[in-house]
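Input: a single structure, listed below in structure tokens.
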Amino acid sequence: MKEMRRDQITGDLIIYSSYRNKRPHDTVKINKKEEDEGKINSDKCPFCRGNEHLNDIPTYLIEEDGEWIAKSVKNKFPIIDLETEHIFGEHEVVVETYRHNGSYYNMSLQEFSNVFDMYIDRYKGLSSRSGIEYINIFKNSLRDAGASLMHPHSQIVSFNLIPAEIIKELKVARSYMEHHHENLYDHIVESEISHAKRLVYNGEKFLVFIPQATRYNGEIRIICKEEKKIDQWSQDEIGEISYIYKKLFKKWEEYNDGEIAFNVIIHTYPLSGDYDDVFRTHFHIIPRKFNFGGFELSTNLFVCGTDPEELAASLRFY
Ligand SMILES: [Zn+2]
Ligand SMILES: [Zn+2]
């Protein structure tokens, strides 16, 4: 069965092909173990304790018993800096835990909560610089997702512009509001709850679900139900999203039969402009098991073969 579907949030056109994932291919390659991967501390890793001299002074530090357990530092090799007039911003690395062998598959609730505390603090810090329009928060896990270091970390980049992907999503959301007089994200939350079969978790603050169609096979989305920017989140939001991460990544590991490379992208509100009524903070969790071929690159049409209901049923945790 084949049908045309549209990603409700990005507007991407998807050819949904229910047997596409069943075509023969080599078994999914799990990233091979790196040297020192199983150790709690590696003397070669710049993010491990004992190697603090390899980083700048932390911009945020969480300590326990006199030792740091998580921190944010300036990126030594920034994508962006304050040197250029036309495009500028800052790039920080959030070292999510002191444990070199930590990962989203084994981190504790407290460790996840520390990550969100740091995001919120750094979001506030970086967005206070004049001329900054957007704060981009993302994680690359394992080499196939673009990670150059294995120590668990995520990244925050501030920009003097709104990235094209966000502009695309804002246009889709604005157009939905104009035609339906309703917030697109509220509509998605309500319709996914009533359909129920694509739901992974329905919390007080967040909805976790598998969209009907996405550019990336097997993508998971999380929508913040309320009109709240990340710096307005309270302990309620931090507690619930940490719980979601803990449960979801455990389920995902079982589903994938091991750890896979992935990206997490948090799409935050632009810092200026009135988008509050049309937008919502949301997450894209993207498995990097599959790559694009010439068809996708030449057409901007995406072929998706993951059955969203089947995937949601495997990951559901309520
Ligand atoms: Zn390390
Ligand atoms: Zn998005």
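Going left to right, the sequence shown walks through residues 1 to 318 as the working numbering numbers them. Cβ atoms here follow ideal geometry from the backbone N, Cα and C, with glycine treated the same way.
Work out the CA separation of PHE116 and GLY259 for me, nearest whole Å.
Taking the sequence shown and counting its residues from 1, one reaches residue 259 at position 259. Taking the sequence shown and counting its residues from 1, one reaches residue 116 at position 116. The amino acid occupying residue 259 in the given sequence is Glu; Gly does not appear at that position. One C-alpha to the other measures close to 22 Å.
Quick one: what's got a C-beta closer than 7 Å to ILE188's C-beta in the same chain, skipping five residues either side?
In the sequence shown, counting from the first residue as 1, residue 188 sits at position 188. Closer than 7 Å at Cβ, skipping near neighbours: GLN8 and ILE223.
Which complete beta strand (DSSP E) runs does the stretch 77 to 101 hold, if anything under 3 residues is left out?
91 to 95
Kindly provide the chain-ordered list of residues whose Cβ lies closer than 6 Å to any non-hydrogen atom of ligand 1.
SER42, CYS45, PHE47, CYS48, HIS100 and HIS151
Following the continuous beta strand (DSSP E) through LEU207, name the residue where it begins and the one where it ends.
For the purposes of this step, residue 207 is taken as residue 207 along the sequence shown, with counting starting at 1. First-last of the beta strand (DSSP E) with LEU207: 206 to 209.
Can you list, in chain order, the stretches of the alpha helix (DSSP H) that have 4 or more residues and sit fully within the stretch 94 to 157?
109 to 127
Assuming the contact rule is C-beta atoms closer than 8 Å, LEU199 and TRP252 should be a hit. Round their C-beta distance to whole Å, please.
As a working note, residue 199 is residue 199 in the sequence shown. As a working note, residue 252 is residue 252 in the sequence shown. Their Cβ separation, rounded to whole angstroms, is 15 Å, which puts LEU199 and TRP252 out of contact at 8 Å.
Tell me which residues share the same chain as VAL157 and place their Cβ nearer than 7 Å to its Cβ, disregarding the 5 neighbours each side in the sequence.
Within the sequence shown, residue 157 is the residue found at index 157, counting from 1. Closer than 7 Å at the Cβ level, and outside the excluded window around VAL157, lie ILE79, ILE80, GLY89, HIS91 and ASN136.
Rounded to whole angstroms, what's the CA-CA distance from HIS25 to ARG288? Just pull it up for me.
For the purposes of this step, residue 25 is taken as the residue at position 25 of the sequence shown. For the purposes of this step, residue 288 is taken as the residue at position 288 of the sequence shown. A caution first: HIS25 carries a pLDDT of 48, below 50, which makes its placement in the model too unreliable to give a value.
Using the rule of at least 16 other Cβ atoms within 10 Å of the residue's Cβ for burial, across every protein chain shown, is LYS29 buried or exposed?
For the purposes of this step, residue 29 is taken as the residue at position 29 of the sequence shown. Only weak support exists for where LYS29 lies, its pLDDT of 47 falling under 50; the coordinates are left without a value.
Pull the bridge partners of HIS284 from the DSSP assignment, please.
Walking along the sequence shown from the start, residue 284 turns up at place 284. DSSP lists ARG221 and ILE265 as partners of HIS284.
Using a Cβ distance threshold of 8 Å, determine whether the stretch 295 to 312 contacts the stretch 212 to 230, with at least three qualifying pairs required.
yes
Considering just the uninterrupted stretch of the beta strand (DSSP E) at TYR243, what are its terminal residues?
In the sequence shown, counting from the first residue as 1, residue 243 sits at position 243. Element bounds for TYR243: not the beta strand (DSSP E) but the alpha helix (DSSP H), 235 to 256.
Spell out a yes or no on whether the stretch 147 to 166 and the stretch 261 to 281 are touching, meaning 3 or more CB-CB pairs, one atom from each, closer than 8 Å.
yes
For HIS151 versus VAL95, is the C-beta spacing smaller than 8 Å?
Residue 151 sits at position 151 when you count from the first residue of the sequence shown. Residue 95 sits at position 95 when you count from the first residue of the sequence shown. Yes, these two residues count as a Cβ contact at 8 Å.
Where the beta strand (DSSP E) through ILE162 begins and ends
Translated into the one-based positions of the sequence shown, residue 162 becomes position 162. Looking at the DSSP string, ILE162 is not in any beta strand (DSSP E), and its letter there is neither H nor E.
Continuous alpha helix (DSSP H) stretch holding GLU52: start and end:
Here residue 52 is taken as the residue at index 52 of the sequence shown, counted from 1. Where GLU52 is concerned, there is no enclosing alpha helix (DSSP H), given that its DSSP letter is neither H nor E.
Can you grab the Cα-Cα spacing for the pair SER127 / MET1, in whole Å?
The residue labelled residue 127 in the question sits at position 127 within the sequence shown. The residue labelled residue 1 in the question sits at position 1 within the sequence shown. Going from the Cα of SER127 to the Cα of MET1 covers about 47 Å.
Whole-angstrom distance between LEU54 and LEU161, CA atom to CA atom
Working through the sequence shown from its first residue, we reach residue 161 at position 161. Working through the sequence shown from its first residue, we reach residue 54 at position 54. The alpha-carbon separation between LEU161 and LEU54 amounts to approximately 30 Å.
Note down, in chain order, each residue of its chain lying with its Cβ closer than 7 Å to the Cβ of LYS39, except the 5 sequence neighbours on either side.
Start at 1 with the first residue of the sequence shown, and residue 39 comes out as number 39. Residues HIS100 and ASN101 of the same chain have their beta carbon placed closer than 7 Å to that of LYS39, with the five preceding and five following residues left out of the count.
Helix, strand or coil at MET1 [DSSP, three-state]
The residue labelled residue 1 in the question sits at position 1 within the sequence shown. Looking at MET1 - three-state DSSP - the assignment turns out to be coil, as it is neither helix nor strand.
Quick one: Cα of PRO308 to Cα of GLU192, how far?
Counting from one through the sequence shown, the residue named residue 308 turns up at place 308. Counting from one through the sequence shown, the residue named residue 192 turns up at place 192. Near 12 Å, if we compare the C-alpha coordinates of GLU192 and PRO308.
Sort out for me which residues DSSP pairs LYS70 with in a bridge.
Residue mapping note: residue 70 aligns to position 70 of the sequence shown, counting from 1. Checking the displayed sequence, the identity of residue 70 turns out to be Ala instead of Lys. Looking at the DSSP assignment, ALA70 forms a beta bridge with ILE62.
With the cut-off set at 8 Å, would you say LEU142 and GLY218 are in Cβ contact?
Residue numbering aside, residue 142 sits at position 142 when the sequence shown is read from its first letter. Residue numbering aside, residue 218 sits at position 218 when the sequence shown is read from its first letter. Cβ atoms of LEU142 and GLY218: not closer than 8 Å.
So, under 8 Å CB-CB, ILE241 and PHE206 are touching, yes? Tell me the CB distance rounded to an integer number of Å.
Here residue 241 corresponds to residue number 241 of the sequence shown, with the count starting at 1. Here residue 206 corresponds to residue number 206 of the sequence shown, with the count starting at 1. That pair is a contact at about 6 Å.
Alpha carbon to alpha carbon, what distance is there between LEU13 and GLU67?
If you number the sequence shown from 1, residue 67 lands on position 67. If you number the sequence shown from 1, residue 13 lands on position 13. If I take the Cα positions, the gap works out to 49 Å.
Just the Cα atoms here: how many angstroms apart are PRO327 and ILE238?
No answer is possible for residue 327: the residues shown for the chain start at 1 and end at 318.
Does DSSP classify ARG6 as helix, strand or coil?
Counting from one through the sequence shown, the residue named residue 6 turns up at place 6. Three-state result, ARG6: strand.
From this set, PHE279, GLU3 and PHE290, which residue's C-alpha is nearest ASN263's C-alpha?
Within the sequence shown, the letter at position 263 stands for residue 263. If we check each option's Cα against that of ASN263, PHE290 comes out closest.
Rounding to the nearest angstrom, what Cα-Cα distance links GLY146 and ASN140 in this structure?
Along the sequence shown, read from residue 1 onward, the residue named residue 146 stands at position 146. Along the sequence shown, read from residue 1 onward, the residue named residue 140 stands at position 140. Using only the alpha carbons, I get a separation of about 6 Å.
For GLU227, verify whether its CB is less than 7 Å away from any heavy atom of ligand 2.
Counting from one through the sequence shown, the residue named residue 227 turns up at place 227. Answer for GLU227: no, Cβ out of range of ligand 2.
Is the closest heavy atom of ligand 2 to the C-beta of HIS91 under 7 Å?
Working through the sequence shown from its first residue, we reach residue 91 at position 91. No, since every heavy atom of ligand 2 falls outside the 7 Å radius drawn around the Cβ of HIS91.
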